[in-house]
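Beneath this line is the structure, given in structure tokens, with notes to follow.
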Amino acid sequence: MPMKDSDIELRQSKSAAIRRLKMLERRFVREPDTKDKYVEFLQESEDLDHMQRVKDEEPGLHYYIPHHAVIRPESKTTKLRVVFDASCKSSNGNSLLKGGTVQPDLILWRSSPEEDIVSYRLKTYGTKPAPYLGTRCLLQLAHEGKHKYPLATPVIQNSTYMDDILSGADDITTAKKMQRQLIGLMKESCFHLYKWSANSEELLKDVPTENKEFLFNENDELVKTLGLSWRPGEDIFMYQMNLQEVPVTITKRTALSFISKLYDPLGLLQPIIIKAKMMIQKIWLQKIDWDQTLPRREIETFQRYVAELHRLKDLKIPRCSLLKDSVAVQIGFADASSQGYGACLYVKSETANETQIRLLCSKTRVAPLKILSIPRLELLAATLLSKLATKIVKIIDLKFDEVDLFSDSKVVLDWIQTQPHLLKVFVANRVCLIQELTQTFSWHHVTTKDNPADLISRGATKLQLQDELSWKGHSFLKDKTLNSVQEHQQDFLRILWRLSPEEDIVSYRLKTVTYGTKPAPYLATRCLLQLAHEGKHKYPLAAPVI
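Take 8 as the starting number for the sequence shown in the numbering used here and just add one per residue.
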């Protein structure tokens, strides 16, 4: 395994591994079916030469990794998974790097207590560098087959996460060709693809039934991948959570356990999740112990939140985000409240006859414990939006004709147009980053009622989340240009103003000296002083009075 250069601490690990093996054997006595599957798995690993018997007296550093079984009854293919615990303190989990050269691990095993315990050399996925090693093998495979399999290579390079491949094509002909190339490329290195799912029955026609995860005669079946539930027949995402009944005693541990059940990698449910983040932050501020019962108000808040999670089972989200042969525009929104801030991205696709807008992803953050002004929180939201938009442009294999970003804070939009050295350090650092990340993007102003990110920053219920604004944005986004939301430009006088050196500089645009604004007294006085200066020779007695 790839080892750190120094501070390697490999203590006696064999005794701990033996102790864990005997605990496992006691479990096998209670669960004979688990034992049969476990023995079958490790026997297959030995038959495939994934692990080999070794002698105890072999020289060199030895580290024995404990292992145990995880049962997943809902899985169609791997109901039992053998987990190798490389994080065990007496093992090598703290002495490994995430990549580098490869050396073997050791495990202890016997198929029954009557046999002798045997050491095995094993290349396993229970160690820190295992994800790197697995991904590195696939990248090498793609590199070697890039000329023979030109469609499969970019899929493996860009659309593979560990042992899951998620990709697609604009038409069935290209998809079937890609499928054949993927099967051929992987088969050359003894990788066999199975658990096939698709939203097209034609694509699965030639796949053996035992290799399919979805059959089109099962319209209600959900396919789970990377934490998402996908219904291929309708081509929609759904959120299915294994929520148990709320315990009588609700503690910080209970609350966090329930909240963590909702996995949302795309951020499509951030208006719901931000409420959980806010709730946990409030609980933490009260310095409650893990197993201490929550105060009554927090319990009521938690129960309302759990009720919202149950309602999410009916939520359906279209998977397809783009029209075929369309022009794509990325549109982003940022907003903040006193409790949190967030950003969301939409994809607008246009053809000659149709315009479609779909929510692509979003992110949220709770407001820092240190109280910040609303303009500064809005600036944090704009920074988050800048990072998210830039990342999506880089990782999605799609050419966006435009990237338009929106904020309902005129103060933030003026800061973005200001040279950073004129601003306070906190503001200047973030403005500098925004200007660097979004120099090719366009910033616009949007009213609060038309800003879908308002739901993200404050939190929403499932009923509010179903609103058209959340998923498709405001109707103005379908306009051919976005001029309808930009302010009508006139000849403005622009000034920078703050009441004291401790405050942030705010930009003001004025056609005339406007009463009711902070700089109005200054402007009026400054005009009189300028008048006195210009007339001091002509009116020597009046100038000092002014």
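Every residue, glycine too, gets a C-beta built ideally from N, C-alpha and C.
Take residue i as the anchor and find which of the options has the nearest alpha-carbon.
i	options	result
glycine 347	Asp271, Ala93 and Gln288	Gln288
lysine 268	Ile290, Ile257, Lys44 and Gly234	Gly234
lysine 479	Thr397, Leu366 and Leu386	Leu366
phenylalanine 483	Tyr201, Asn458 and Arg465	Asn458
leucine 145	Thr167, Val434, His540 and Tyr312	Thr167
leucine 387	Asn360, Lys398 and Ser344	Ser344
threonine 397	Lys377, Ser369 and Leu470	Ser369
histidine 451	Arg79, Ala389 and Gln473	Ala389
aspartate 213	Ile190, Thr232 and Phe198	Ile190
leucine 316	Ile266, Asn165 and Thr300	Ile266
isoleucine 281	Gly466, Ser82 and Ser22	Gly466
tryptophan 116	Lys259, Lys42 and Ile179	Lys42
proline 157	Gln426, Tyr353 and Gln186	Gln186
aspartate 342	Val418, Asn249 and Ile306	Val418
Identify, in the order they occur along the chain, each residue of the same chain with its Cβ nearer than 8 angstroms to the Cβ of residue i, setting aside the five sequence neighbours on each side.
i	result
serine 52	Met58 and Leu129
lysine 406	Ala335
leucine 229	Ser236, Trp237, Arg238, Met245 and Gln247
aspartate 242	Asn206, Pro325, Arg326 and Cys327
Which one or two residues does DSSP pair with residue i in a beta bridge?
i	result
valine 334	Glu357
tyrosine 71	Leu113
glycine 480	Beta-bridge pairing links glycine 480 to no other residue.
arginine 238	Ile243
histidine 452	Ser414
valine 77	Arg88
valine 46	Paired residues: none, contrary to the question.
valine 230	Trp237
isoleucine 172	Thr167
serine 126	Val61 and Leu115
DSSP three-state label for residue i, please.
i	result
cysteine 144	helix
tyrosine 201	coil
threonine 371	strand
proline 136	coil
tyrosine 348	strand
serine 52	helix
isoleucine 378	coil
glycine 339	strand
methionine 58	strand
glutamate 121	coil
aspartate 457	helix
arginine 365	strand
phenylalanine 221	coil
lysine 282	helix
glutamate 409	strand
lysine 323	coil
serine 20	coil
serine 393	helix
leucine 430	coil
threonine 41	helix
threonine 108	Only weak support is given to the placement of threonine 108: the predicted model assigns it a pLDDT of 36, under 50, and the question is left unresolved by the model.
leucine 387	helix
Return the chain-ordered list of same chain residues with a C-beta closer than 6 angstroms to the C-beta of residue i, the five sequence neighbours on each side being excluded.
i	result
proline 551	none
methionine 286	Thr308
threonine 445	Ser393
Residues in its own chain within less than 7 angstroms of residue i by CB, not counting five upstream and five downstream?
i	result
alanine 359	none
threonine 455	Asp415 and Asp461
lysine 183	Leu210
State the CB to CB distance for the pair residue i and residue j, rounded to an integer number of angstroms; the pair is presumed to be in contact (CB under 8 angstroms).
i	j	result
aspartate 177	lysine 44	The pair is not a contact, with the Cβ atoms about 42 angstroms apart (cut-off 8 angstroms).
isoleucine 25	isoleucine 124	6 angstroms
Kindly indicate if chain B contains any beta-carbon less than 9 angstroms away from that of residue i.
i	result
leucine 292	Any reference to chain B falls outside this structure, which holds one protein chain only.
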